[in-house]
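Mapped onto our numbering, the consecutive letters of the sequence shown carry residue numbers 3 to 230.
Ideal placement from N, C-alpha and C gives every residue a C-beta, glycine not left out.
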Amino acid sequence: MLAVLAALCACAPCFPPKTAQPEFAGVPAYYLRQAQMDSLQLPPPPAPGSEIDMADMGAVHQWQTRRTTAECARALSEADATYEQFYGAISPFPKPPQQQVSDFLNRLETDASVATTRFKEFYKRQRPFMRDKTVHTCVKVVPSWSYPSGHTVIARLTALALSDLVPARRAEFMARADEAALDRVIAGVHHPADLAAGKQLADEIYPLLLKNPAFAADMEQARLSLAK
Numbered sequence: 003m004l005a006v007l008a009a010l011c012a013c014a015p016c017f018p019p020k021t022a023q024p025e026f027a028g029v030p031a032y033y034l035r036q037a038q039m040d041s042l043q044l045p046p047p048p049a050p051g052s053e054i055d056m057a058d059m060g061a062v063h064q065w066q067t068r069r070t071t072a073e074c075a076r077a078l079s080e081a082d083a084t085y086e087q088f089y090g091a092i093s094p095f096p097k098p099p100q101q102q103v104s105d106f107l108n109r110l111e112t113d114a115s116v117a118t119t120r121f122k123e124f125y126k127r128q129r130p131f132m133r134d135k136t137v138h139t140c141v142k143v144v145p146s147w148s149y150p151s152g153h154t155v156i157a158r159l160t161a162l163a164l165s166d167l168v169p170a171r172r173a174e175f176m177a178r179a180d181e182a183a184l185d186r187v188i189a190g191v192h193h194p195a196d197l198a199a200g201k202q203l204a205d206e207i208y209p210l211l212l213k214n215p216a217f218a219a220d221m222e223q224a225r226l227s228l229a230k
């Protein structure tokens, strides 16, 4: 699906929406600078009714027929996209984490949400259950747009940070991020292309975070927490 996004970007403008003060729920980004936020790019979602769009909806319908009660329950347990919901069972941090670590994880989630919201509002792709009344969701969703998947961005961005903190567990963290992303399709609230775009966006954001001194300082505090 990432290859599909690349193809879309090759044949359509991929310039990001520009906003004067990007924020999510009234909270501005913490690590990402304005210029960095403006540098992020995603291709548009599949055009409604296109072959790619129909395949996207087809995948949603396939999951509607084969998802299990346990899979729906897992999707519901992750509905708020928090660190504890995504990584609580495999977290490398002591429980409860130090306040500095909790603040760091919340800042990471905020930046992911700010970046995601800009593209959601720009592209305004409807969620599967909004487009097709035969799609039944496993979770309750606050009215919002579908592309890209915010859960995917948050889960993957966090997994990338955890992978740098504990490199030996990278495969475990990334697999958990992929599972959390897929749960959104299983739940009927996202299309596969939304997930692919979310992964692409997280991969664009993380190198920008690594250039930020505040992010580097918070990562160092997280390492110290792990050392203790």
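My assumption, with CB atoms under 8 angstroms, is that residue i sits in contact with residue j. Please give the rounded CB distance.
i, j, result
"valine 137", "valine 62", "6 angstroms"
"lysine 230", "threonine 154", "Going by Cβ atoms, the distance from lysine 230 to threonine 154 rounds to 31 angstroms, so no, they are not a contact pair."
"arginine 129", "serine 148", "4 angstroms"
"threonine 139", "glycine 190", "4 angstroms"
Are the beta-carbon atoms of residue i and residue j separated by less than 7 angstroms?
i, j, result
"aspartate 185", "glutamate 80", "yes"
"leucine 159", "alanine 224", "no"
"tyrosine 32", "leucine 211", "no"
"alanine 77", "isoleucine 188", "yes"
"alanine 161", "phenylalanine 175", "yes"
"proline 169", "alanine 199", "no"
Give the secondary structure of residue i by DSSP, where H, G and I count as helix, E and B as strand, and everything else as coil.
i, result
"proline 194", "helix"
"valine 29", "strand"
"asparagine 108", "helix"
"glutamine 218", "Inspection of the sequence shows that residue 218 is occupied by alanine rather than by glutamine. Correct three-state label for alanine 218: helix."
"leucine 4", "For leucine 4, the pLDDT reaches just 47, beneath the cut-off of 50, and the residue's location in the model is therefore unreliable, although a value from the coordinates is still provided. Reduced to three states, the DSSP call for leucine 4 is helix."
"valine 116", "helix"
"lysine 97", "coil"
"leucine 162", "helix"
"glutamine 66", "helix"
"threonine 71", "helix"
"lysine 213", "coil"
"histidine 138", "coil"
"leucine 203", "helix"
"leucine 86", "Reading the sequence as shown, one finds glutamate at residue 86 and not leucine. Correct three-state label for glutamate 86: helix."
"arginine 35", "coil"
What does the alpha-carbon distance come out to for the pair residue i and residue j?
i, j, result
"leucine 226", "lysine 126", "41 angstroms"
"threonine 112", "lysine 97", "22 angstroms"
"tyrosine 208", "aspartate 196", "18 angstroms"
"glutamate 181", "phenylalanine 124", "27 angstroms"
"threonine 84", "glutamate 53", "34 angstroms"
"alanine 27", "threonine 119", "Low confidence applies to alanine 27: its pLDDT is 49, below 50, so where it sits in the model is not reliable, and the reading given next is rough at best. Rounded to whole angstroms, alanine 27 to threonine 119 spans 9 angstroms at the Cα level."
"alanine 179", "proline 99", "20 angstroms"
"arginine 35", "histidine 193", "30 angstroms"
"phenylalanine 131", "leucine 167", "38 angstroms"
"cysteine 13", "glutamate 206", "With a pLDDT of 46 at cysteine 13, under the threshold of 50, the modelled position of this residue cannot be trusted, and the question is left open."
"proline 94", "glycine 152", "23 angstroms"
"glutamine 43", "phenylalanine 121", "9 angstroms"
"leucine 228", "alanine 57", "44 angstroms"
"arginine 68", "aspartate 55", "21 angstroms"
"arginine 164", "serine 146", "For the record, residue 164 in the displayed sequence is leucine; it is not arginine. Taking the straight line from one Cα to the other gives about 28 angstroms."
"glycine 60", "cysteine 74", "19 angstroms"
"glutamine 38", "glutamine 87", "28 angstroms"
"glutamine 1", "proline 215", "Absent from the structure is residue 1, since the part of the chain shown begins at 3 and ends at 230."
"valine 29", "proline 48", "30 angstroms"
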